[in-house]
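S.K.: Numbering (my numbering), first residue to last: 76 to 210. Here it is, the structure, as structure tokens.
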Amino acid sequence: MEDGLILVYKRKGNTSRRVVENISKKYNTKAGHIGTLDPMAKGLLPILVGNSCKLSKYLMEHDKTYLVEMKFGYHTETLDIEGDILEEDIQFRENNIVDNEFFDRIIAAMKKEMGTKKQIPPIYSAKKLNGNKLY
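Next up, the structure:
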């Protein structure tokens with residue numbers, strides 16, 4: 076295996092680390108991912124192999140794009156669909172309040188989030204604290 080970049084589709088339930096270990100073992104070379112995906116996430120995971128791993132710090136600075144799926148009317152402990160439900164807006168669900176005004180409010184809220192921001196990861200994430208995974 077030469078030096079380079081491999082795009083691997085990470086399935087839900089798998090960890091970024093496990094994907095890297097499999098690539099490293101399969102090709103008998105050093106490997107590392109550029110960023111991480113939570114175990115519940117699926118998508119393309121860029122993996123550097125061989126001497127290309129030295130480029131990681133430069134590539135981490137580039138923008139990333141995520142596609143999300145939302146379910147409204149719930150608040151979970153993990154801030155995602157897999158956590159225990161802490162609050163449920165039954166009125167929202169029963170009235171099915173999804174109209175143009177609702178979507179306009181969603182778009183306005185999303186526009187406020189555009190740009191470069193420092194993201195605070197939720198307590199349940201692939202981030203590590205004192206060497207321990209938060210999920």
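Idealized CB from N, CA, C, for every residue including glycine.
Quick one: what's G118 bridged to in DSSP?
M.R.: Paired residues: K85.
S.K.: Please decide whether E163 counts as near chain B, where near means a Cβ-Cβ distance under 8 Å.
M.R.: Protein chain content of the structure displayed is limited to a single chain, and chain B is not contained in it.
S.K.: Could you give the C-beta distance for L120 and V83, rounded to a whole number, given that I count them as a contact under 8 Å?
M.R.: Their Cβ separation, rounded to whole angstroms, is 5 Å, which keeps L120 and V83 in contact under 8 Å.
S.K.: Using 8 Å as the threshold, is the segment 92–112 in touch with the segment 152–171, meaning 3 or more CB pairs across them?
M.R.: Taking 8 Å as the limit for Cβ pairs, the verdict is that the segment 152–171 does not touch the segment 92–112.
S.K.: With DSSP as the reference, label G107 as helix, strand or coil.
M.R.: In this structure, G107 counts as strand in the three-state DSSP scheme.
S.K.: Relative to the alpha-carbon of K117, which residue among K193, G125, N89 has its alpha-carbon at the smallest distance?
M.R.: Checking every option, the nearest Cα to that of K117 belongs to N89.
S.K.: Quick check on this structure: which residue in E77, N126, T111, R93 has the alpha carbon closest to the alpha carbon of Y102?
M.R.: Checked all of E77, N126, T111, R93; the closest Cα to Y102 is E77.
S.K.: Do you know how far the Cα of Y141 is from the Cα of R168?
M.R.: The straight-line gap from Cα to Cα measures roughly 26 Å.
S.K.: Please check the pair G110 and K85, which I expect to be a contact at CB under 8 Å, by giving their CB distance rounded to whole angstroms.
M.R.: Not quite, the Cβ-Cβ distance comes to about 11 Å (not below 8 Å), so this is no contact.
S.K.: Are the Cβ atoms of I81 and I122 separated by less than 8 Å?
M.R.: Contact: yes.
S.K.: Could you say which of D164, Y149, D113 lies nearest to K87 if we only look at CA atoms?
M.R.: With distances taken between Cα atoms, K87 lies closest to D113.
S.K.: Grouping DSSP H, G and I as helix and E and B as strand, with all else coil, what is K208?
M.R.: It is a strand residue.
S.K.: DSSP state of Y133, grouped into three classes?
M.R.: Of the three classes helix, strand and coil, the one that applies to Y133 here is helix, per DSSP.
S.K.: Using beta-carbon positions only, say whether G79 and S131 come within less than 8 Å of one another.
M.R.: No, the pair does not count as a contact, with Cβ atoms beyond the cut-off.
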